[in-house]
Amino acid sequence: MGKILMKGNEAIGEAAIRAGCLNYFAYPITPQSEVAEYLSRRMPEVGGVFLQGESEVAVGYMLFGAAGCGARVFTTSSSPGISLMSEAISYTSSAELPVVYVNIVRGGPGLGGILPSQADYFQATKGGGHGDYRLLVMAPASVQEAVDMVMMAFPLAEKYRNPVMILGDGLIGQMMEPVEFSDRLKSEPSNKDDWATNGMDTRKSKKRNLVKSLFLDAQLLEEHNLVLKAKYDRMKQEEVRYEPYNTDSDYCALIVSYGTMSRVCKTAIDNMKAQGVEVAMIRPQTLFPFPIHPIREAASKKGCKAVVTFELSMGQMVEDVERSVQGKRPVYWHGKAGGEIPTPEEVIDTVQSFVKK
Amino acid sequence: MAKTYEKPEALSDQVTHYCPGCTHGIIHRLVAEVIDELGIRGRTVGIAPVGCAVLAYNYFTFDFQEAAHGRAPAMATGIKRVRPDLIVFTYQGDGDLASIGMGEIIHAANRGEKFTTIFVNNTVYGMTGGQMAPTTLPGQRTTTSPRGRDVEDVGMPIKVAELISCLQTPAYITRQTVLKPKYIVRAKKSIKQAFQYQLEGRCFSLVEFVSTCPTNWGMTPVESIQWAEENMLPYYQLGEFKTPE
Numbered sequence: 020m021g022k023i024l025m026k027g028n029e030a031i032g033e034a035a036i037r038a039g040c041l042n043y044f045a046y047p048i049t050p051q052s053e054v055a056e057y058l059s060r061r062m063p064e065v066g067g068v069f070l071q072g073e074s075e076v077a078v079g080y081m082l083f084g085a086a087g088c089g090a091r092v093f094t095t096s097s098s099p100g101i102s103l104m105s106e107a108i109s110y111t112s113s114a115e116l117p118v119v120y121v122n123i124v125r126g127g128p129g130l131g132g133i134l135p136s137q138a139d140y141f142q143a144t145k146g147g148g149h150g151d152y153r154l155l156v157m158a159p160a161s162v163q164e165a166v167d168m169v170m171m172a173f174p175l176a177e178k179y180r181n182p183v184m185i186l187g188d189g190l191i192g193q194m195m196e197p198v199e200f201s202d203r204l205k206s207e208p209s210n211k212d213d214w215a216t217n218g219m220d221t222r223k224s225k226k227r228n229l230v231k232s233l234f235l236d237a238q239l240l241e242e243h244n245l246v247l248k249a250k251y252d253r254m255k256q257e258e259v260r261y262e263p264y265n266t267d268s269d270y271c272a273l274i275v276s277y278g279t280m281s282r283v284c285k286t287a288i289d290n291m292k293a294q295g296v297e298v299a300m301i302r303p304q305t306l307f308p309f310p311i312h313p314i315r316e317a318a319s320k321k322g323c324k325a326v327v328t329f330e331l332s333m334g335q336m337v338e339d340v341e342r343s344v345q346g347k348r349p350v351y352w353h354g355k356a357g358g359e360i361p362t363p364e365e366v367i368d369t370v371q372s373f374v375k376k
Numbered sequence: 031m032a033k034t035y036e037k038p039e040a041l042s043d044q045v046t047h048y049c050p051g052c053t054h055g056i057i058h059r060l061v062a063e064v065i066d067e068l069g070i071r072g073r074t075v076g077i078a079p080v081g082c083a084v085l086a087y088n089y090f091t092f093d094f095q096e097a098a099h100g101r102a103p104a105m106a107t108g109i110k111r112v113r114p115d116l117i118v119f120t121y122q123g124d125g126d127l128a129s130i131g132m133g134e135i136i137h138a139a140n141r142g143e144k145f146t147t148i149f150v151n152n153t154v155y156g157m158t159g160g161q162m163a164p165t166t167l168p169g170q171r172t173t174t175s176p177r178g179r180d181v182e183d184v185g186m187p188i189k190v191a192e193l194i195s196c197l198q199t200p201a202y203i204t205r206q207t208v209l210k211p212k213y214i215v216r217a218k219k220s221i222k223q224a225f226q227y228q229l230e231g232r233c234f235s236l237v238e239f240v241s242t243c244p245t246n247w248g249m250t251p252v253e254s255i256q257w258a259e260e261n262m263l264p265y266y267q268l269g270e271f272k273t274p275e
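Sequence order for the protein chains is V and C. According to the working numbering, the first sequence is numbered sequentially starting from 20. According to the working numbering, the second sequence is numbered sequentially starting from 31.
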């Protein structure tokens, strides 16, 4: 199959079907309602389940119930909707259910706006809901990458029995780009007979399964949290993904940026290169686990005078960049949160002003 | 000698955590008997609520999911939509279903989701210590209505069975009780009917139970049964509010 031109939101819906996910529950919210519209048409064609829930709160638990009985399931939403789902995300993480959430982020806080934003970085990577849990968070920078990440998300969620979130800013959902779909995933959710409430009759072992998150005994809750922590630690070892850009050069500054913002930074880096100024970039593709070591190494390179984080927020990822750089270089932040995206010229001016400091 | 009465296979050997005089135990047993009689234990999934019955899964011997407060009907929806062959029921109290989970139960019922809800109404939040619920009777004292429920302030108690039976889609809505043996026989028939309708692929069914909470009412088990008969049954009338056409 060749490339076709598709809107990001529709491509995300199609990618889930190609990934073998035929169950979708959602509630409409701008700027991602096209996913629900697309799948309300497509799911019946492929014999799948489409249900528009009464709220994101309810949708969060429809996903829980469906994943709890071993089905591959996903939703898409945008920032305020993810806030409402965050209760369920906490329960889903504790119950170790492989659910995939796509957040096409809009501006906040509150109703905010409907233009692109990256202001849900903290919510996605540091919690959102209550308790010690982590989502595996991936951030695409193009429609093609959104498709690829959706395809990857389901096996990853099942590998860890942990929710996975795809954090795309509004532009990823709204813009049209050429995309190519790889072949359908043939895999099935694995080992579900060990834990899913799929009915005892369907399993070899006649042991009943229980999907839950309550541990009233201190020792048992401690042990449960250690099991979860071990998964998050394993993700940090095995799942860090990032794209280095111009890191082979003798750069004077390192940019850290992700999603749509990183594409503007690439243009800025190319323009600076044409003028004889070398700047490099690390683009995190996973926000949790965060590429701590690649950023520290790149920042520590001789000649690198500053690390500059560009993000569509008032400074969230920059805290993880500071944590990565560990004071070896000065770390600066530049960003916007209203829905406008800094231009390449703005990126160049910002980098140059920080390098001169 | 032949056994004439024994523990249902769907019920476990777990020692109860429910208080003396609590009706959860009887209702659990009736559900278990029905599951045995219909031979559906191997394809049944129960959903436990938040509240006293959060540990309901300890007493049953089949698959169970544990819900967040009020969300059991959304979970049942998720299960039933992706696995229509499973038999699914939620087991919920009045704080769980009629307060924090009102949105979920109304919409699941209205969509005609093909699962069964066992709704246990004892007029108070039991697990958290007897606070006022949407079902607390007028003038009834609870830990958060120490001078009695003031209907001028918080309105009249919600009649869940009547409320849901206003919707056109649900198949079977009934209110029962297990306060006396004569009621128990009728209640079991209703539970069985609800599960049978589900097996037939009919829409949503709900069996409400007028129940007791001797501990939080500050009564003996016998007093609490008497109180429920005298005070709850006139307001929460027993009967079938909706049956399939």
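Glycine included, every Cβ here is placed at the ideal spot set by N, Cα and C. None of these values were measured; they are calculated from a predicted model.
TODO: Please specify which runs of the beta strand (DSSP E), each continuous and at least 3 residues long, are wholly inside the segment 266-322 of chain V, giving them in chain order.
DONE: Listed in chain order, they are 272-275, 298-303, 305-307.
Open item on the list: Please tell me whether GLY127 (chain V) and SER98 (chain V) are closer than 8 Å, where the distance is taken between their beta carbons.
Closed with: Along the first sequence, one-based indexing puts residue 127 (chain V) at 108. Along the first sequence, one-based indexing puts residue 98 (chain V) at 79. Contact: yes.
Open item on the list: Quick check on the DSSP output: what are the complete alpha helix (DSSP H) runs of length 4 or more inside the segment 75-157 of chain C, in order along the chain?
Closed with: The segment 75-157 of chain C contains these whole alpha helix (DSSP H) runs: 102-112, 132-141.
Open item on the list: Beta-carbon within less than 7 Å of GLN95 (chain C)'s beta-carbon, same chain only, minus the 5 sequence neighbours each way: which residues are those?
Closed with: Locating residue 95 (chain C) in the second sequence gives position 65, counting from the first residue. Taking C-beta separations shorter than 7 Å and ignoring five residues to either side along the sequence, the partners of GLN95 (chain C) in its chain run VAL75, ILE77, MET105, following chain order.
Task: Residue range of the beta strand (DSSP E) that includes ASN122 (chain V) - done: As a first step, residue 122 (chain V) must be located in the first sequence, where it is residue number 103. From DSSP, the beta strand (DSSP E) with ASN122 (chain V) extends over 118-124.
Open item on the list: Counting only beta-carbon separations shorter than 8 Å, does TYR155 (chain C) have a partner in chain V?
Closed with: Locating residue 155 (chain C) in the second sequence gives position 125, where the first residue counts as 1. Not an interface residue.
Open item on the list: So, at 8 Å on beta carbons, what are the nonlocal neighbours of ARG450 (chain V) in its own chain, with the 5 sequence-adjacent residues on each side left out?
Closed with: Any answer about residue 450 (chain V) is impossible in this case: the structure gives chain V only from 20 up to 376.
Task: Helix, strand or coil at VAL374 (chain V) according to DSSP, with G and I counted as helix - done: Looking up residue 374 (chain V) in the first sequence gives position 355. Three-state result, VAL374 (chain V): helix.
TODO: Name, please, each residue of chain V whose Cβ falls closer than 8 Å to the Cβ of MET132 (chain C).
DONE: Indexing the second sequence from 1 puts residue 132 (chain C) at position 102. Chain V residues near MET132 (chain C): none, gap ~11 Å exceeds 8 Å.
Task: Partners in chain C for MET62 (chain V), counting only beta-carbon separations shorter than 7 Å - done: In the first sequence, the residue the question calls residue 62 (chain V) occupies position 43. Scanning chain C for C-beta atoms nearer than 7 Å to the C-beta of MET62 (chain V) yields nothing, as the closest lies near 11 Å away.
Open item on the list: Taking 8 Å as the threshold (C-beta atoms), are GLN335 (chain V) and ALA55 (chain V) in contact?
Closed with: Stepping through the first sequence from its first residue, residue 55 (chain V) is reached at position 36. Stepping through the first sequence from its first residue, residue 335 (chain V) is reached at position 316. No, the pair does not count as a contact, with Cβ atoms beyond the cut-off.
Task: Secondary structure of SER96 (chain V), DSSP reduced to three states - done: As a first step, residue 96 (chain V) must be located in the first sequence, where it is residue number 77. Of the three classes helix, strand and coil, the one that applies to SER96 (chain V) here is strand, per DSSP.
Task: For THR362 (chain V) and ILE288 (chain V), the rounded distance between their alpha carbons - done: Mapped onto the first sequence, residue 288 (chain V) falls at position 269. Mapped onto the first sequence, residue 362 (chain V) falls at position 343. Taking the straight line from one Cα to the other gives about 12 Å.
TODO: For ARG205 (chain C), write down the residues that DSSP places opposite it in a beta bridge.
DONE: The residue given as residue 205 (chain C) occupies position 175 in the second sequence. DSSP output for ARG205 (chain C) lists C:GLU238, C:GLY269 as bridge partner(s).
- [ ] Have a look at C:ARG141, C:LEU127, C:LEU209, C:CYS243 and flag the residue whose alpha-carbon is nearest the alpha-carbon of GLY156 (chain C).
- [x] To locate residue 156 (chain C), count along the second sequence from 1; it is residue 126. Nearest C-alpha to GLY156 (chain C): C:CYS243.
TODO: May I ask you to report which of helix, strand or coil DSSP gives TYR43 (chain V)?
DONE: Within the first sequence, the letter at position 24 stands for residue 43 (chain V). Strand.
Open item on the list: I'd like the span of the alpha helix (DSSP H) that includes PRO197 (chain V), first residue to last.
Closed with: Indexing the first sequence from 1 puts residue 197 (chain V) at position 178. Run containing PRO197 (chain V): none in the alpha helix (DSSP H); it sits in the beta strand (DSSP E), 195-198.
Open item on the list: Checking 8 Å against the spacing of the C-beta atoms, do GLY13 (chain V) and LEU204 (chain V) come in under that value?
Closed with: Given that chain V is displayed from residue 20 to residue 376, the structure contains no residue 13 (chain V) and the question cannot be resolved.
Open item on the list: Judging by CA-CA distance, which residue of V:GLU330, V:PRO310, V:ALA299 is the nearest neighbour of GLY278 (chain V)?
Closed with: Along the first sequence, one-based indexing puts residue 278 (chain V) at 259. Residue V:GLU330 holds the alpha-carbon nearest to the alpha-carbon of GLY278 (chain V) among V:GLU330, V:PRO310, V:ALA299.
Open item on the list: The alpha helix (DSSP H) that contains TRP257 (chain C), what's its start and end?
Closed with: Counting from one through the second sequence, the residue named residue 257 (chain C) turns up at place 227. The continuous alpha helix (DSSP H) containing TRP257 (chain C) extends over residues 251-257.
Task: Neighbour list for ASN42 (chain V) in chain C, Cβ cutoff strictly below 8 Å - done: Along the first sequence, read from residue 1 onward, the residue named residue 42 (chain V) stands at position 23. By Cβ distance, chain C contributes ARG111, VAL112.
Open item on the list: Taking 8 Å as the threshold (C-beta atoms), are ARG113 (chain C) and ASN217 (chain V) in contact?
Closed with: The count along the first sequence starts at 1 and reaches residue 217 (chain V) at position 198. The count along the second sequence starts at 1 and reaches residue 113 (chain C) at position 83. Going by beta carbons, ASN217 (chain V) and ARG113 (chain C) fall inside the 8 Å limit.
Task: Reduced DSSP category for PRO135 (chain V) - H, G, I as helix; E, B as strand; rest coil - done: In the first sequence, counting from the first residue as 1, residue 135 (chain V) sits at position 116. Three-state DSSP puts PRO135 (chain V) in a strand.
Task: Limits of the beta strand (DSSP E) - the one that HIS353 (chain V) falls within - done: In the first sequence, the residue the question calls residue 353 (chain V) occupies position 334. For HIS353 (chain V), the uninterrupted beta strand (DSSP E) segment begins and ends at 350-354.
- [ ] Output the boundary residues of the beta strand (DSSP E) element that contains PHE329 (chain V).
- [x] If you number the first sequence from 1, residue 329 (chain V) lands on position 310. It spans 325-330 - the beta strand (DSSP E) in which PHE329 (chain V) sits, taken as one unbroken run.
TODO: For TYR35 (chain C), count neighbouring Cβ atoms within 10 angstroms of its own Cβ and tell me buried if that reaches 16, exposed if not.
DONE: In the second sequence, residue 35 (chain C) corresponds to position 5, counting from 1. Around the beta carbon of TYR35 (chain C), fewer than 16 other beta carbons sit within 10 angstroms, so the residue counts as exposed.
TODO: Taking ASP236 (chain V) and ARG222 (chain V) to be in contact with their CB atoms under 8 Å, please state how far apart those CB atoms are, rounded to whole angstroms.
DONE: For this step, residue 236 (chain V) is matched to residue 217 along the first sequence. For this step, residue 222 (chain V) is matched to residue 203 along the first sequence. The pair is not a contact, with the Cβ atoms about 27 Å apart (cut-off 8 Å).
Task: Beta-carbon proximity list for ILE130 (chain C), same chain, < 8 Å, skipping 5 on both sides - done: Reading the second sequence from its first residue, position 100 is the one you call residue 130 (chain C). Correct list, in chain order: HIS99, GLY100.
TODO: Taking ASP93 (chain C) as the query, report the chain V residues whose CB atoms sit under 7 Å from its CB, ordered along the chain.
DONE: Reading the second sequence from its first residue, position 63 is the one you call residue 93 (chain C). Here the neighbours are THR216, GLY218, MET219, ARG227, ASN228.
- [ ] Could you tell me which residues DSSP pairs with TYR264 (chain V) in its beta bridges?
- [x] Sequence index remark: in the first sequence, residue 264 (chain V) carries index 245 (1-based). TYR264 (chain V) has V:MET300 as its beta-bridge partners, per DSSP.
Task: Which of helix, strand or coil DSSP assigns to LEU154 (chain V) - done: Walking along the first sequence from the start, residue 154 (chain V) turns up at place 135. Three-state result, LEU154 (chain V): coil.
TODO: Kindly indicate if chain V contains any beta-carbon less than 8 Å away from that of TYR48 (chain C).
DONE: The residue labelled residue 48 (chain C) in the question sits at position 18 within the second sequence. False, the Cβ-Cβ gap to chain V never drops below 8 Å.
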